[in-house]
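Undergrad: This structure is in structure tokens; I'll ask about it shortly.
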Amino acid sequence: MNRSPIVGQFHSIGALDRLEFIRVNPFTVKYRYVPEILQGEPPTVFEFEHNRENVNVWDDVKAKARAWKEAVRPLSLTAALVPILLGGALALSQSDQFNMLTFLLTLFGAIMIQAGRI
């Protein structure tokens, strides 16, 4: 509570049950509750200038790559890929025509469905 003004604010209004443990290094945090929005009150704003100084672009890229890896769920990705690859192989073996664009779009769609991003 002493290190985070956000936790301090939630503690002062008795809303600690709404917090979950996450690690975030924000520059700016703005939040409002629905009653505050309905009353037209401006959001509570916290600025963290020391986080702005410690920014590393590669850390952001690595964090996004980890998030995508987790979203794609590589351990169960074969459940999405095997039917598409098998269908593509059958289509190629049964006919002389094979539309690579359709195959790649279908493969991409299966990966996105698996990732839950569509």
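Take any residue in the sequence shown, note its place counting from 1, add 1485, and you have its number in the numbering used here. Where a beta carbon is used, it is the ideal one built from N, C-alpha and C, also for glycine.
1. Would you report the Cα separation of TRP1543 and VAL1514, rounded to the nearest angstrom?
2. Report the option in PHE1593, VAL1519, LYS1547 and SER1489 whose CA atom is closest to the CA atom of HIS1535.
3. Name, in chain order, the residues that DSSP records as bridge partners for GLU1532.
4. Please work out which residues of its chain come closer than 8 Å, Cβ to Cβ, to VAL1530, disregarding the five sequence neighbours upstream and downstream, and give them in chain order.
5. For ALA1565, which of helix, strand or coil comes out of DSSP?
6. Hey, out of ASP1581, LEU1562 and GLN1582, whose CA is closest to ILE1598's CA?
TA: This is what the structure holds:
1. Indexing the sequence shown from 1 puts residue 1543 at position 58. Indexing the sequence shown from 1 puts residue 1514 at position 29. About 22 Å.
2. Taking the first residue of the sequence shown as position 1, residue 1535 is located at position 50. It is SER1489 whose Cα lies nearest to the Cα of HIS1535.
3. The residue you call residue 1532 lines up with position 47 of the sequence shown. Answer is THR1513.
4. Indexing the sequence shown from 1 puts residue 1530 at position 45. Taking VAL1530 as the centre and dropping the five residues before and after it, the same chain places the C-beta of THR1513, VAL1514 and LYS1515 closer than 8 Å to its C-beta, in chain order.
5. Stepping through the sequence shown from its first residue, residue 1565 is reached at position 80. The DSSP-derived three-state label of ALA1565 is helix.
6. Residue mapping note: residue 1598 aligns to position 113 of the sequence shown, counting from 1. That would be LEU1562, whose Cα lies nearest to the Cα of ILE1598.
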